[in-house]
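A.B. asks: Residue numbers (my numbering): 3 to 212. Structure incoming, see below.
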Amino acid sequence: MSKEFVTNDFSEITFGRKSVREYDETFKISHEEMLEMIQEATTAPSSVNMQPWRFVVVESEEQKAKLKPLIRFNTRQNATSSAMVLIFGDMLCYEFGEEIYDQAVAEGKMPPEVRDQQLEAIIPYYKSFTKEQMNDVVKIDSSLAAMQFMLIARAHGYETNPIGGFEEDLLAEAFGLDKERYVPVMILSVGKATEAGYTSVRLPAEKMRV
Numbered sequence: 003m004s005k006e007f008v009t010n011d012f013s014e015i016t017f018g019r020k021s022v023r024e025y026d027e028t029f030k031i032s033h034e035e036m037l038e039m040i041q042e043a044t045t046a047p048s049s050v051n052m053q054p055w056r057f058v059v060v061e062s063e064e065q066k067a068k069l070k071p072l073i074r075f076n077t078r079q080n081a082t083s084s085a086m087v088l089i090f091g092d093m094l095c096y097e098f099g100e101e102i103y104d105q106a107v108a109e110g111k112m113p114p115e116v117r118d119q120q121l122e123a124i125i126p127y128y129k130s131f132t133k134e135q136m137n138d139v140v141k142i143d144s145s146l147a148a149m150q151f152m153l154i155a156r157a158h159g160y161e162t163n164p165i166g167g168f169e170e171d172l173l174a175e176a177f178g179l180d181k182e183r184y185v186p187v188m189i190l191s192v193g194k195a196t197e198a199g200y201t202s203v204r205l206p207a208e209k210m211r212v
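Listed below in structure tokens is the structure:
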């Protein structure tokens, strides 16, 4: 059953977010709710709707033990969180292009002729990318989904912590993925906070406008 959001107040979801690194290790997020949050997170935008984000949910003690030596200085989050969500970008995401666009047609969101025109242009274009170009595309798009997952988790009453310090060359293979295809983007810890966390300062908007 779908869980109601704890809050729909955007200011509470965003401005109230703090950096939390310790969680209630006795609390587990259900498989159903985790899938629901991932589904909600994947409403994030992506280039030509190729949806390159891929999620690995690490929640068992065995999986966490496998992750521990790969996350450097972030072992407290690993030990206490309900789960560590590994977010990868799929370098061959365009292989799902036909399925994605067929679904759009089936749901009446796109006429068949537009689907055909789009796929004829998009798939060869993506295949022409260099590895570096594709890496940039999937990381940007997957980062949008990661941020959305953080906001969704908070709306569900949980806290998250984004982690960029990990062994990038080892992460995919450690969890049975092809490291040439699946590029690690970031790791998110998620769970019920047991600490208030801390806020950090932000420069004023006028400083950011160039």
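Virtual Cβ for every residue (Gly too), placed ideally from N, Cα, C.
Suppose only complete runs of 4+ residues qualify. What are the alpha helix (DSSP H) ranges in the region 61 to 101, listed by chain order?
C.D. replies: With a minimum length of 4 residues, the continuous alpha helix (DSSP H) runs that stay inside the region 61 to 101 are 63 to 69, 77 to 82.
A.B. asks: Give me the Cα-Cα distance between Ser4 and Ser48, rounded to the nearest whole angstrom.
C.D. replies: One-based indexing of the sequence shown puts residue 4 at position 2. One-based indexing of the sequence shown puts residue 48 at position 46. Reliability fails at Ser4, whose pLDDT of 46 lies under 50, so the model's placement of it is uncertain and the value that follows must be treated cautiously. Rounded to whole angstroms, Ser4 to Ser48 spans 25 Å at the Cα level.
A.B. asks: Going by DSSP in three states, Ser4 sits in which element: helix, strand or coil?
C.D. replies: Translated into positions along the sequence shown, residue 4 becomes position 2. A caution first: Ser4 carries a pLDDT of 46, below 50, which makes its placement in the model too unreliable to give a value.
A.B. asks: So, using beta-carbon positions, are Asp118 and Arg183 closer together than 9 Å?
C.D. replies: Taking the sequence shown and counting its residues from 1, one reaches residue 118 at position 116. Taking the sequence shown and counting its residues from 1, one reaches residue 183 at position 181. Not in contact: Asp118 and Arg183 (Cβ atoms no closer than 9 Å).
A.B. asks: Just to confirm, are Ile40 and Val87 a CB contact at a threshold of 9 Å?
C.D. replies: The sequence position of residue 40 within the sequence shown is 38, counting from 1. The sequence position of residue 87 within the sequence shown is 85, counting from 1. Their beta carbons are under 9 Å apart, which means Ile40 touches Val87 by this criterion.
A.B. asks: For the beta strand (DSSP E) that contains Val140, what are its first and last residues?
C.D. replies: Taking the first residue of the sequence shown as 1, we reach residue 140 at position 138. Val140 -> not in any beta strand (DSSP E); alpha helix (DSSP H) instead, spanning 133 to 157.
A.B. asks: Just to confirm the assignment, what range does the alpha helix (DSSP H) spanning Val116 have?
C.D. replies: By one-based count along the sequence shown, residue 116 stands at place 114. Counting along the chain, the alpha helix (DSSP H) containing Val116 begins and ends at 114 to 129.
A.B. asks: Among Glu101, Leu72, Val22, which has the Cα closest to the Cα of Leu172?
C.D. replies: Locating residue 172 in the sequence shown gives position 170, where the first residue counts as 1. Nearest option by C-alpha distance: Leu72.
A.B. asks: Cβ atoms of Ser84 and Val187: under 9 Å apart, would you say?
C.D. replies: Position 185 of the sequence shown holds residue 187. Position 82 of the sequence shown holds residue 84. Not a contact, by the Cβ cut-off of 9 Å.
A.B. asks: Would you call the CB atoms of Ser145 and Phe90 closer than 9 Å?
C.D. replies: Here residue 145 refers to the residue found at position 143 when the sequence shown is read from its first residue. Here residue 90 refers to the residue found at position 88 when the sequence shown is read from its first residue. Not a contact, by the Cβ cut-off of 9 Å.
A.B. asks: Compute the beta-carbon to beta-carbon distance between Trp55 and Ala157, rounded to the nearest angstrom, for a pair I have assumed lies under 8 Å.
C.D. replies: Taking the sequence shown and counting its residues from 1, one reaches residue 55 at position 53. Taking the sequence shown and counting its residues from 1, one reaches residue 157 at position 155. So it is not a contact: roughly 19 Å between Cβ atoms.
A.B. asks: So Met188 is in the beta strand (DSSP E); what residue range does that whole segment cover?
C.D. replies: Walking along the sequence shown from the start, residue 188 turns up at place 186. It spans 184 to 193 - the beta strand (DSSP E) in which Met188 sits, taken as one unbroken run.
A.B. asks: Considering only residues of the same chain and omitting the five flanking positions on each side of Ala195, which have a CB-CB separation below 7 Å?
C.D. replies: Taking the first residue of the sequence shown as position 1, residue 195 is located at position 193. Closer than 7 Å at Cβ, skipping near neighbours: Val22, Tyr25, Glu161.
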